[in-house]
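Heads up, the thing below is written out as structure tokens.
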Amino acid sequence: MDTIIILGSMVMVCVYMMTLYFYNKSKQIEKNRSDIMIKAVTAFHQHKLDRAYNYFQKAYKLSLKSSDLENTAESLYYMALILKSNGKPDSAMEFLNESLHYYEKIGNEEGIEKIYSHITEIKN
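Heads up: the sequence shown is residues 22 to 145, going by the numbering used here.
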């Protein structure tokens, strides 16, 4: 009987430690994703577009991996703006359409409006 209690306690401790490990790991991933988005937006507003694009690519991949559709859409949106400003309207349009897909999926009306605004601007 004592052996069963000890074994059960060990299993519970092991499960607790694994839960704690994965919780901390998910928090770290979330923090990294937020840090990258902050760096990306900062670089964008400082007109360091190559650097911003690289950060947005990283943020996009992390956001997609973690099913963070808001940041996925936002990363695509900013990458489209950079492509548009670099004279690549066709590529920008692809990114805008993909971003639109995610904004529609989460029901972000403000995001949808800004995408349509840029699509209209590119088409004209």
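Quick reminder that beta carbons are idealized off the backbone N, C-alpha and C, glycines included. Remember, it's a predicted structure, so these values are computed and weren't measured experimentally.
Go to Ser88, then tell me how far its alpha helix (DSSP H) extends in each direction, as first and last residue.
-> First-last for Ser88: undefined, no H or E at that position.
Can you name, in chain order, every residue of its own chain whose Cβ lies under 8 Å from the Cβ of Phe116, other than the five neighbours on each side?
-> Residues Leu97, Tyr98, Met100, Ala101 and Leu104 of the same chain have their beta carbon placed closer than 8 Å to that of Phe116, with the five preceding and five following residues left out of the count.
Can you find a C-beta in chain C that's less than 8 Å from the C-beta of Ser88?
-> The structure shown contains no chain C; it is built from a single protein chain.
What number of angstroms, rounded off, separates the C-alpha of Lys109 from the C-alpha of Ile57?
-> If you take the alpha carbons of Lys109 and Ile57, they lie about 24 Å apart.
Contact belief for Ala80 with Asn92 at Cβ below 8 Å, rounded distance in angstroms = Your pair Ala80 and Asn92 checks out as a contact, with CB atoms roughly 6 Å apart and the cut at 8 Å.
Where does Asn53 sit, in a helix, a strand or coil, going by DSSP?
-> Helix.
Reduced DSSP secondary structure (H/G/I, E/B, other) of Gly132 | Gly132: helix per DSSP, three-state reduction.
Per-residue DSSP class, three states only, for Gln67 = Assignment of Gln67 by DSSP, reduced to helix, strand and coil, places it in the coil class.
Give the straight-line distance between the Cα atoms of Thr63 and Met39, rounded to the nearest whole angstrom.
-> Roughly 36 Å between the two C-alpha positions.
Length of the line joining the Cα atoms of Asn118 and Lys126 | Rounded to the nearest angstrom, the two C-alpha atoms are 12 Å apart.
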